[in-house]
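Q:
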Amino acid sequence: MKEFQFITHDNKDAYFNIASEEYLLKHTDGYYFYLWINDPAVIVGVNQNAIEEVNLDYTQSNSIKVVRRITGGGTVYHDGGNLCYTVIAPFNAEQDNYKAFTKPVIEYLNELGVKAEFSGRNDIVVDGKKISGNAQTVYKDRIMHHGTILFDTDMQVLSHALKPSKIKMESKGIKSVRARVTNVKEHLNSDMTMQEFKDGLAQKFSQSFARYEFTKDDIIEITKLIEQKYSSYEWNIGCSPKGKNQFTKKFDFGIFSLFFNTVDGKIADAEIRGDFFSKKDVKPFADALCGVRFTKSELLNAFTNVGDYIEKATGEQIVDALFEV
201 MKEFQFITHD NKDAYFNIAS EEYLLKHTDG YYFYLWINDP AVIVGVNQNA IEEVNLDYTQ
261 SNSIKVVRRI TGGGTVYHDG GNLCYTVIAP FNAEQDNYKA FTKPVIEYLN ELGVKAEFSG
321 RNDIVVDGKK ISGNAQTVYK DRIMHHGTIL FDTDMQVLSH ALKPSKIKME SKGIKSVRAR
381 VTNVKEHLNS DMTMQEFKDG LAQKFSQSFA RYEFTKDDII EITKLIEQKY SSYEWNIGCS
441 PKGKNQFTKK FDFGIFSLFF NTVDGKIADA EIRGDFFSKK DVKPFADALC GVRFTKSELL
501 NAFTNVGDYI EKATGEQIVD ALFEV
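My numbering runs 200 ahead of the 1-based position in the sequence shown.
1. If you reduce the DSSP assignment to three classes, tell me which class Asn-445 lands in.
2. I need the DSSP call for Gly-272, collapsed to helix, strand or coil.
3. For Gln-517, name the three-state secondary structure that DSSP assigns.
4. In three-state terms, what does DSSP make of Asp-469?
5. With distance defined between alpha-carbon atoms, name the residue in Glu-253, Tyr-215, Arg-493 and Thr-337 nearest to Lys-424.
6. Strictly by DSSP, which residues pair up with Glu-222?
7. Please give the ranges of any beta strand (DSSP E) in the stretch 293-343, keeping only runs that are unbroken, at least 3 residues long and fully inside the region.
8. For the stretch 396-408 and the stretch 324-333, state whether three or more C-beta atom pairs, one from each stretch, are separated by less than 8 Å.
9. Taking the straight line between their C-alpha atoms, what separation do you get for Lys-398 and Ile-472?
10. According to DSSP, what are the bridge partners of Ser-406?
11. Ordered along the chain, which non-local residues of its own chain (more than five positions away) have a Cβ less than 8 Å from that of Glu-307?
12. Do Lys-496 and Val-519 have their CB atoms nearer than 8 Å?
13. In angstroms, rounded to a whole number, what distance separates the CA positions of Arg-321 and Asp-417?
14. Helix, strand or coil, according to DSSP, for Lys-265 in the structure here?
15. The alpha helix (DSSP H) spanning Thr-423 covers which residue range?
16. Asn-461 lies in the beta strand (DSSP E); which residues open and close that run?
17. Exposed or buried, which one is Tyr-433 when buried takes at least 16 other CB atoms within 10 Å?
18. Residues in its own chain within less than 7 Å of Val-482 by CB, not counting five upstream and five downstream?
19. Would you say Glu-524 and Leu-500 are within 8 Å of each other, going by their C-beta atoms?
20. Determine the contact status of Phe-447 and Ser-431, defining contact as a CB-CB distance below 8 Å.
21. Below 6 Å CB to CB, which residues in the same chain sit around Ala-502 once its five sequence neighbours on both sides are set aside?
22. Using the Cα positions of Phe-459 and Phe-476, report the straight-line distance between them to the nearest angstrom.
23. Could you give the first and the last residue of the continuous alpha helix (DSSP H) run that contains Val-254?
24. How big is the Cα-Cα spacing for Phe-351 and Ile-207?
25. Per DSSP, what kind of secondary structure is His-346 in: helix, strand or coil?
26. Whether or not the stretch 353-361 and the stretch 297-317 are in contact is what I'm after, with contact meaning three or more pairs of Cβ atoms, one per stretch, closer than 8 Å; do they touch?
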């Protein structure tokens, strides 16, 4: 069993915790396992439109931070009843990394009497309700996997803070956010505290680990990331698209949105958003669409390599949907 560097601390600032993930991914070697809890915050997927996904009036009025992460997937709510876990390790292309990294979590929940199972692209569910969402990103030869575990989250605040797009909700046939999720505590055979739950998960994930505490230099670099990126409106909200035309559809690979203007029959100011999983930054691909005439043949040619950027996507399925009557 690999030896993990185990990180946990009492800092519940969402800016710090999300920034520290990127720092660890890009500046460490070996295996790291990180457990953390945020004060109330909404965490937005890297490819999502925060303006459409989040009730910004509610979050601002209730001092709930909105933070964009560097992984794909959907928008989630964090609070003191939600345990977050992060695994950072060498990338192994030969394994199903979602199932590999969620397996210890599912086994631990099962041992506690919670009948959890892997579902869909990236979820852990209990009785058909989501208890954990997971996402990943790869940087050079390193992978970062992180997930939420709803232990005792305030579901009422969650339902107010999150405002999912209609297409995502309608595709699952469920009208409310609250009906889709459940807390671990509701399924335990006996009561336990968050600390007990947290300690048990750490032990389950790796029987062999050494504790790692952020150094002074680590804190300096993480603070720079917060100041330059994770506390900024430009990153967290301003990345949301402003295109006058919008195409949105749910494919097997996730929700895909294309926002654009048209100038002289050509695409301009193209932006791509959604909850799909990125192989790499989609911005260069979107930039390359600018100047392309809005015809099926030219768009098919422009979308030829979309699969290099978006996992399991093909240009033909996207362009066919673009021109559906």
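Every residue, glycine too, gets a C-beta built ideally from N, C-alpha and C.
In this text the structure is predicted, and so the values were computed from the model without any measurement.
A: According to the structure shown:
1. strand
2. coil
3. helix
4. strand
5. Tyr-215
6. None; Glu-222 has no bridge partner.
7. 316-319, 323-326 and 329-339
8. no
9. 37 Å
10. Per DSSP, none; premise fails for Ser-406.
11. Lys-404
12. yes
13. 37 Å
14. strand
15. 416-425
16. 454-463
17. exposed
18. Asn-247, Ile-472, Tyr-509 and Ile-510
19. no
20. no
21. Leu-489 and Val-492
22. 15 Å
23. Premise fails: Val-254 is in no alpha helix (DSSP H) and is neither H nor E.
24. 20 Å
25. strand
26. no
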